[in-house]
Every structure is written in structure tokens, then in C-alpha cells.
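To start, the structure itself, in C-alpha cells.
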Amino acid sequence: MMDEPPSPTGTASSAAVTLVTIEMMQTQIEDQQRQIDQIRQQRDHYEAERDGWKRLCEQAEGECRNWRRRCEEAEAQRDIAREQLRAEVAAAQARCDDWRRRCEQAEAQRTIVRGPETNSITVHRGMSFEGGVYHGQLMGGQPHGSGTLCTQIGRVIYSGDWQHGKRHGQGKAYYDIGYGPVLWFDGEWREGLANNGMLFPDGDCWGQKKADGSPRWPIKPIQWQAGQKIPNTNLRAGWGKLHQYLQSRGLTAYFPNCALR
0 MMDEPPSPTG TASSAAVTLV TIEMMQTQIE DQQRQIDQIR QQRDHYEAER DGWKRLCEQA
60 EGECRNWRRR CEEAEAQRDI AREQLRAEVA AAQARCDDWR RRCEQAEAQR TIVRGPETNS
120 ITVHRGMSFE GGVYHGQLMG GQPHGSGTLC TQIGRVIYSG DWQHGKRHGQ GKAYYDIGYG
180 PVLWFDGEWR EGLANNGMLF PDGDCWGQKK ADGSPRWPIK PIQWQAGQKI PNTNLRAGWG
240 KLHQYLQSRG LTAYFPNCAL R
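Everything in the sequence shown is counted per numbering that gives the first Met the number 0, starting at 0 for the first residue and increasing by one.
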């Protein structure tokens, strides 16, 4: 018995079903592809955000390392400055102790000797004079001979020869602005005025010392004598000229007229 040929209607229906199935599968594939593309876009976006945050983190870490290094350098500089300041304070204290010891020794070595006549030489170990305290020889109640004038706290103002209450002969004059004594003149005096000698023979006009004991603000010693004007020397910034600085220290009265311009 022979097979019957397929019905045209059944064949068409089967083909239509197959076509619909294929279209549905294509649609599903396209939908899945779009989902895959969206997921890839989201992945790329997240990776870009991740890379951006990673760069920000690396920059922040670099800044942190830089600030940590700066802090360490600042702490090291602070420690160095602290040690330098301690050394300077210790040196200043040692100088003060040395001057105090010298004054005490000078006072211990002097004796009070009263002469029977007003023109005889006497030695006094603590007489008020010119706002300070004078230790040394007297005549007629005035400094005469060898003596030292100190401040009320024992800092030397002048040490050397005197005549009738005035600086006269060889002597050294000092001032102190808080860092230690400064020898501003060493030489000959006449009638209370500097006459011939060296200005700042120690090369120091400020009194502050470095850790090694050298002047923090050095100045070249100046040979000077009466009749000359004080050199028009520039000091460090903010201090002006040398003659202005000497005037600011209250030293005008110890120079001849016009010496400080």
C-alpha cells in the first residue's frame, strides 16, 4: 500500500509555525544581545569609575607621603633650631655668670680706704654714680684713677682710667641689649669723650653669639680718632647706618661734636 502525499494545507501550517519560531528566537537573541551590550556598557562604566577612584587614591596617597615628608623635615628643623637656641642660651648664661664672677672677685679684692684729706686717693667698692655703681679709686668723692662703672645688676659700662669724675686715659666701654656685653670702644679717652682707639674691636655690635661663640651679626673693627667722622657704614637690613645705630644706643654724649653727623 502506497503512502499518501502530504496535504498542502498541513505543509503550509507547519512552515508558518517554523517561521514564527525562528522569528521569536531571533527576537530573543536580539534582546539577549542588547542586554549583553547594556551589561558591557555598565561594566565599562564601572571600570572607568574604578580607574578614576584608583587615580584619586594614588594622588591622595602621594599627597599624604609629601605632607608626611614635609612634617618630618619641619620636625627635624625644629629640633635643630631648639638645640641651637639651647646652646645660645647656655652660652649667654655662661657669659653672664662669668661677668658676675668677675664683678664679685673685683669687689672682694677691693678694700675701703678713706684718706684724711679731700685730695687723697681712696678706693670704694660700691658708690652710686651716673645711674650705675662705681667700683674703684676716688679723689674728692669722684672717680679718679682706675675704676669700673657697672649697671645696677652688675653689667660693665666702662672699665679703665678716670680723672676728676670723667673717663680719661685708657679704657673700654660696653653696652648690653640683652644678649651679652658688647665692647664698642677700646682706646684713649679725654675729658669723658672717646679720643683715639678701636670701635667694635671684637667684631661684634649686637652681643648675640652662634653656637661656636662667633658673633651672629659681625662687624669689621674700625680704627677711629677724634676729628674724624664715624664711617658711613651700612649695617644689616633694618639697622641703618653705623652712626645712627650708635645714636640709638645712647652713645652720642661720648663722642666729640659732629663725629656722629
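Even for Gly, the Cβ is constructed at its ideal location relative to N, Cα and C.
CB residue i to CB residue j, shorter than 8 Å?
i: Phe-199; j: Ile-176; result: no
i: Ala-193; j: Tyr-253; result: yes
i: Ala-89; j: Gly-212; result: no
i: Gly-130; j: Gly-144; result: no
i: Asp-185; j: Gly-196; result: yes
i: Arg-166; j: Gly-139; result: no
i: Gly-206; j: Tyr-178; result: yes
i: Lys-228; j: Cys-204; result: no
i: Leu-259; j: Trp-183; result: no
i: Lys-208; j: Glu-87; result: yes
i: Pro-255; j: Ala-225; result: yes
i: Pro-142; j: Gly-164; result: yes
For residue i, which three-state DSSP category applies?
i: Trp-238; result: coil
i: Gly-140; result: coil
i: Thr-251; result: helix
i: Arg-113; result: With a pLDDT of only 42 at Arg-113, under 50, the local geometry of the prediction cannot be trusted, and the value read off the model is given with reservation. Arg-113 falls in the coil class under three-state DSSP.
i: Thr-150; result: coil
i: Asp-185; result: strand
i: His-44; result: helix
i: Tyr-178; result: coil
i: Ala-14; result: helix
i: Arg-166; result: strand
i: Leu-259; result: coil
i: Thr-232; result: coil
Given that a residue counts as buried once 16 or more other Cβ atoms are within 10 Å of its Cβ, and exposed if not, what is residue i?
i: Tyr-45; result: exposed
i: Asp-78; result: exposed
i: Cys-148; result: First, the amino acid is wrong: residue 148 is Leu here, not Cys. When all chains shown are included, Leu-148 counts as buried.
i: Asp-137; result: Note on residue identity: the sequence assigns Leu, not Asp, to residue 137. Buried, by the Cβ-count rule.
i: Asp-96; result: exposed
i: Ile-28; result: exposed
i: Met-61; result: Checking the displayed sequence, the identity of residue 61 turns out to be Gly instead of Met. Label assigned to Gly-61: exposed.
i: Ala-11; result: exposed
i: Ser-127; result: exposed
i: Trp-223; result: buried
i: Ile-218; result: buried
i: Thr-110; result: Only weak support exists for where Thr-110 lies, its pLDDT of 44 falling under 50; the value from the coordinates is given anyway. Burial call: exposed.
i: Lys-171; result: buried
i: Ile-152; result: exposed
i: Asp-50; result: exposed
i: Asp-43; result: exposed
i: Gly-239; result: exposed
i: Asp-160; result: buried
Our contact map puts residue i next to residue j with C-beta atoms below 8 Å; I'd like the distance itself, whole angstroms only.
i: Glu-187; j: Gln-162; result: Not confirmed; about 12 Å, so no contact.
i: Trp-66; j: Arg-154; result: Incorrect: roughly 47 Å between the Cβ atoms, too far for contact.
i: Tyr-174; j: Arg-248; result: 5 Å
i: Trp-216; j: Arg-235; result: 6 Å
Closest Cβ-Cβ distance between residue i and chain D: below 8 Å?
i: Asp-185; result: The structure shown has no chain D; it contains just one protein chain.
Can we count residue i as close to the ligand FMN, meaning its CB is less than 7 Å from some heavy atom?
i: Gln-27; result: Because no ligand of any kind appears in the structure shown, any question about the ligand FMN cannot be addressed here.
Entirely enclosed alpha helix (DSSP H) segments - the segment 46-102, minimum 4 residues: Residue ranges of uninterrupted alpha helix (DSSP H) with 4 or more members are absent from the segment 46-102; none lies entirely inside it.
Whole alpha helix (DSSP H) elements within the segment 201-229, 4-residue minimum: Here no run is fully enclosed.
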